[in-house]
Structure formats: C-alpha cells, structure tokens
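Residue numbers (the working numbering), protein chains in the order written: chain A, 741 to 897; chain B, 741 to 897; chain C, 741 to 897; chain D, 741 to 897. Idealized CB from N, CA, C, for every residue including glycine. Below you'll find the structure, written out as structure tokens, and then a few comments.
4 protein chains.
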Amino acid sequence: MTDYIDILDRPALEALGIDGYAYGYADRVRFYELDALNHVNNVVFLKWFETIRVRYVQDYGLTRYGAPDDPQLVVRRVTADFLAPMFQNQAYVVTTRTTLVKPSSFVMEYGLFVDGEKKAAGEAVGVSLTPDGSARQPHRPEAVARMIERDGATDQT
Amino acid sequence: MTDYIDILDRPALEALGIDGYAYGYADRVRFYELDALNHVNNVVFLKWFETIRVRYVQDYGLTRYGAPDDPQLVVRRVTADFLAPMFQNQAYVVTTRTTLVKPSSFVMEYGLFVDGEKKAAGEAVGVSLTPDGSARQPHRPEAVARMIERDGATDQT
Amino acid sequence: MTDYIDILDRPALEALGIDGYAYGYADRVRFYELDALNHVNNVVFLKWFETIRVRYVQDYGLTRYGAPDDPQLVVRRVTADFLAPMFQNQAYVVTTRTTLVKPSSFVMEYGLFVDGEKKAAGEAVGVSLTPDGSARQPHRPEAVARMIERDGATDQT
Amino acid sequence: MTDYIDILDRPALEALGIDGYAYGYADRVRFYELDALNHVNNVVFLKWFETIRVRYVQDYGLTRYGAPDDPQLVVRRVTADFLAPMFQNQAYVVTTRTTLVKPSSFVMEYGLFVDGEKKAAGEAVGVSLTPDGSARQPHRPEAVARMIERDGATDQT
C-alpha cells in the first residue's frame, strides 16, 4: 500500500520538473475543494500550504506538537498568489522551503505546481514560542541547521 | 509520480485485508480534518464518502457531471456510523459498493478501514434525474450492469 | 449588537411557522458552503446540525466540554435527508430536539427550514462516556430532565 | 427574525468601537472553525474575509455573479496577519474597505475585531475580467464611485 503523503525530496521534485525545493508532496483535487465557480477555492490553497507546513515543522524538528516541553509554533502571517485556476481531479505537487531563519522566527515559501507549471505561490511567517505560549524562544538548533542545509535558508540567527 | 487517488480494485483491497469491496482508495488524515477534540471530525468522514462517490459514479457511468445530456445525480440521504476515533496522519482506506439498484435510485455503502479494521461505515441513497433535474429517469443501463457485476448489487430495476 | 447565534425558543420558532421544536437558531448560507453544483453541499447540512448540537448539549447540561470531570460526549451515528436544494445567501433556521433518552445514550432530531418549509432533516445518536472516554456512564440527571420537559423526549432511562 | 448577515454601516461599526470602515458584519465562532489546537484555524479567517468580500462586490456593484454579461472577478492575492488567537463561541465583527482602485484592479483591506480589539487583518487584490475571463476590463464606474465615496479608496483609475 502506498504511503499517501509520502514526501518528495529534491531529486524526486527535480524529476517532476520542479527546481529549488527539497520538500514536497503530490495529491489530487477533491470535489469538496471546488467552489460554486467550479474551480478550486482560493482558501483551499492555504489549506494545502498548511498541510505541508504541519508535516515540515515536525520533520525538520521545530516542534512535535504535543510533548509537554515542546515549543509552541504559531503562524503570524500568510500570503498567497493565485496564478491560474485549478480544477476537479487535477494532479498537483505542493512544495515548501524556508527562505529566512531568524532567532525565533522564520519565513517559509510555498509553490503549487501542475505538470511543472506554477499555479500558485505563498509565504508564511512562523514564530517559536515557549511551551505555554507566553514568550518567544529560540528555535531548536537542529531545526535551524536543517533549514540552512536542506533548503538553503538565509541564516540570521 | 504516484497517481494520488489511484483506485484500488478487489484484489488490491483484499491484499490490504479488506473483503467485499471492488472499489476504494487510500489516503492519510490531514491536520485540517481534526477538530478541537483532536481527532477527525465526524463530518469529515462524510466528505471522504463523498470523494469516493463522485469518482465512483463517473467510473461506473452513472453520470459524467457536465455534458448537457447528462443525468443529474442527487443524494437523498446519507448515514454514517462512527466506530472508533481517528487521528492526525493516520493512513486509511475508503471503500464503497452499491448494494441495491432500483430503476432510478440506488443504495451505496461505505467503509473506512485502518490496518484492515473498520473505523466507520456509511450509506447513501442516490437518485438519477433528467438533465434539468425536473423528474426521475432510469439509470444508464451500462452503469446498472457494472453495479451488479462488479459490486454484486441486488437488482430491482 | 446582535448576539449572532441567539437561540430561538419554542414561541420564537412557532412565530416563524416551525412547530414541535424548543431550540433553534437562524443563519444564512455562506459562499463557502456552496459546492461546484452551485448549491449548498450535502455535508454542510451536517455541519449545521453539529453547530446546534454543540450548543444544545452545553445548554441542556450534558457536558461543558473541558472541565476535567466532564462526561465525554460522542456521536455514534448521524443521518441526513436532503429534501430540496439550498442556495447562496438563503436565510434558514436549524432546529433540534431530543426524541428519545436512554440511560447513557440519546437520539436527537434536526430540522432545516426556509420560510417554514423543511429542506432537510437529520438524526444523531449521542453517548455519554466517563471523562477519560473508557466506558459509558449515565447522563447528568438535570440534562435528562430538560430533554423530557423542554423537548418532550421519550424517557427510557 | 433577524437577518443574520445584516451589514453594519459606518455608524453601526463606530458604535461598536470600530473606526475607519463603512462595511462589516457580526458573527460568532462555530465549533467547526476550531482546529486541533483548540482555537480558530488560520485558514478560517480567510473564509471570513471571503464571505464579506462576496457580499461587498455585489453590494458595491462590481459584479452580480451570474448574469451573462457580468464581469468576472478574480482574486489574485490574499494576505492575513494573525494578531491573537480566537476561541469557540466568541463574538466578532469582520470589516472591509477598498483602499486603492486602479482601472481593472483594486486592493481591499480586512479587519477582524472582538470587543473593538483587532485580532486579525488582511488584504486582497481583485481584478475585473471580461465575462469569459479572457482579458482584463475596467471596473463598472458606479462601483468605483462607491469605493471612493463610501470607503475613501485612493483613486488611480
């Protein structure tokens, strides 16, 4: 049985014609993602970006969501650019990378590709907080190291 | 690249320990499918049943959604039984089959499996209407034939 | 400023032409509740039934969701009957009542009305569990009393 | 019966402690808008901004969605800033105004207030297209006039 959100790494993405990313997954538009205009609703793109972000921050070691001493990760800002409409059943690839990492915040960038062509892009600003959420705290060093090494993130920690 | 809603046929489902179905697909719980109780929201199971139904009625030939002379398919009733909670990132298989077909209506049954164990079940009653939706009309004969042959649906047409 | 999910009681509902219910609220279809067929998606009706159920079980005293000694309430089964399509911006009233109460389970019934006409109906079976969810436990007696007194629920406790 | 998405005008908003907007509506957080972290999911704020946008563009006369000669309105970009978490059942007001109008595009700004305090903000860039969506076309003049007069939008048409 296929693991249905298998992560695509840099070589796998390059083989699909997508350069510049080390982290992505493939999926297909569901009927419930369409709106009354019969294409994928704008807000759904942000759900896709959230889906890959939730997996990414765990894989890169920023948080595990749930251990009592785990940093709280919050999203302070999101943006999305809609470049072309998408339709029912269309196969796509979502990608992400951290472009900039500061001591307790970071900027992620998202791409949404169909047959190697970009249909949407986005950004998110994330912040690491103490487990009780009361104050900022530095990211885990191993997560920062992965952002720099795997993604080529600019280091401002 | 994997086709991410590849349909699983009877042998593929049986290999996963799921008997009695000829149609299913595999997927994995997304973060946005959880609710504040930290498990998959009840309503999400009905979205999964919808996802497989939309694909099924096209594959079996009941409608193509969109051709001008296409029958309108409407859902008159749904039910869902929740047998066990589901959690973030869990891999699952959704299955469906038609159990009963009448001249212009039919009953579909759904199963939701994790590691071969049923976590939820459901039913839907569908009706074929004229393209303008004003009256019932008989199902397409080739669709009825597939429901009987592939799924073992009881024939009351 | 209007309290936007003000609960409608029996006289308020009767004034709207809806008989037999003591609990409801009014709202209006949002754009994001439509699907590609340009009417309210079937699954959205179940979200509306959930919305009123979450408020009802707190108001009637079945649980408060969150106090450590609070019963866990789970939904074992839902059904929905779709009687007529609904459209963007349409004003509607959702109603609910408990029809049957047993020692640790109960049956709720839902109605969805536009201008006093029923567009959809539903049911849910709920169960009271111990705070840790490991076993059934009797409903809180004051909740049972309200179900019987306000809703006319059949008492099988 | 209350009209549940009644629009709040400038005096009504000012009475709620919200200055600078001529268009808003009030609502209350639903259970299905929470995520597993037990607060309103980030993406839900963008649904709220969409809900008011859909109503605004019709009220201001940019499009009516559906007449054959109606301009197509598309959203090219959205942003959202999350300033504070929101919780179940919380009452809020969403507001919007056009800040800049160009010949065939415009920038809308959104605010999300609880008890007069801003919890989130957002922007969207919209574009008017020909009815078939093949090219840009100038906005309807009466819509531009309302954006300037009601909202104080900067006029670059």
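- The beta carbon of Asp-855/C sits no closer than 8 Å to any beta carbon of chain A.
- Using a 10 angstroms sphere on the CB of Asn-829/A, the tally of other CB atoms stays under 16, which defines it as exposed.
- At a cut-off of 8 Å between beta carbons, Phe-789/C makes no contact with chain D.
- Between Pro-878/C and Pro-825/C, the gap from beta carbon to beta carbon reaches 8 Å or more.
- Close to chain D, meaning a Cβ-Cβ distance shorter than 9 Å, are the following residues of the stretch 768 to 781 of chain B: Phe-771, Tyr-772, Leu-774, Asp-775, Ala-776, Leu-777, Asn-778, His-779 and Asn-781.
- Lys-842/D: not part of any beta strand (DSSP E); DSSP gives it neither H nor E.
- The straight-line gap separating the alpha-carbon atoms of Arg-880/B and Ala-864/B is approximately 19 Å.
- Residue-level contact by beta carbon holds for Val-794/B and chain A, with a gap shorter than 8 Å.
- Arg-886/A is not bridged by DSSP to any residue.
- As computed with DSSP, Thr-897/C is found in no beta bridge at all.
- Neighbours of Asp-799/C in chain B, taken as residues at a C-beta separation under 7 Å, are lacking, since the least C-beta distance is about 18 Å.
- Only those residues of the stretch 820 to 838 of chain D whose C-beta falls short of 7 Å from the nearest C-beta of chain A are listed: Ala-820, Asp-821 and Phe-822.
- Distance from the Cα of Leu-823/D is smallest, within the candidate group Lys-859/D, Leu-774/D and Asp-746/D, for Lys-859/D.
- Taking C-alpha positions only, His-779/C is separated from Ala-776/A by approximately 8 Å.
- Annotation: Cβ neighbours of Leu-786/C in chain B (cutoff 9 Å, chain order): Asn-782, Val-783, Leu-786, Val-818 and Ala-820.
- Scanning its chain for C-beta atoms nearer than 7 Å, with the 5 sequence neighbours on each side dropped, one finds around Gly-801/D the residues Arg-880, Glu-882, Ala-883 and Arg-886, in chain order.
- Going by beta carbons, Tyr-772/D and Thr-836/D fall outside the 8 Å limit.
- Across the set Leu-753/B, Pro-811/B, Val-784/B and Val-794/B, the C-alpha of Pro-811/B shows the shortest separation from the C-alpha of Gly-873/B.
- The Cβ atoms of Tyr-850/D and Phe-789/D lie closer than 8 Å to each other.
- Note on the stretch 745 to 808 of chain D: whole beta strand (DSSP E) runs with a minimum of 3 residues are 764 to 768, in chain order.
- By the CB criterion at 8 Å, Val-797/A and Thr-791/A fall outside the cutoff.
- The alpha-carbon separation between Ile-758/A and Val-841/B amounts to approximately 46 Å.
- Judged by DSSP in its simplified three-state form, Asp-821/C adopts strand.
- Per the coordinates, the alpha-carbon of Arg-795/D lies some 40 Å from the alpha-carbon of Asp-746/A.
- Taking 8 Å as the CB threshold, Val-815/B lines the interface with chain C.
- For the options Pro-808/B, Ile-888/B, Ala-755/B and Pro-871/B, the alpha carbon positioned closest to that of Val-847/B is the one of Ile-888/B.
- Its Cα nearest to that of Leu-748/B, the residue Gly-764/B stands out among Leu-756/B, Gly-764/B, Glu-754/B and Ala-755/B.
- Where Ser-868/C is concerned, the enclosing beta strand (DSSP E) starts and stops at 857 to 869.
- The same chain holds no residue with a CB closer than 8 Å to that of Ala-755/B once the five nearest residues on each side in sequence are set aside.
- Put simply, of Asp-821/A, Val-784/A, Asp-855/A and Leu-786/A the residue whose alpha carbon is nearest the alpha carbon of Leu-753/A is Asp-855/A.
- In its chain, beyond the 5 residues on either side, Gly-862 and Glu-863 have a beta carbon closer than 7 Å to the beta carbon of Thr-819/C.
- In its chain, beyond the 5 residues on either side, Ala-762 have a beta carbon closer than 6 Å to the beta carbon of Arg-750/A.
- In this structure Val-783/B touches Leu-786/C by the C-beta definition: roughly 5 Å separates them, less than 8 Å.
- Excluding residues up to 5 positions away in sequence, Ala-861 lie with their Cβ nearer than 6 Å to the Cβ of Asp-821/B in the same chain.
- Distance from the Cα of Ala-807/C is smallest, within the candidate group Thr-839/C, Leu-774/C, Pro-871/C and Asp-891/C, for Pro-871/C.
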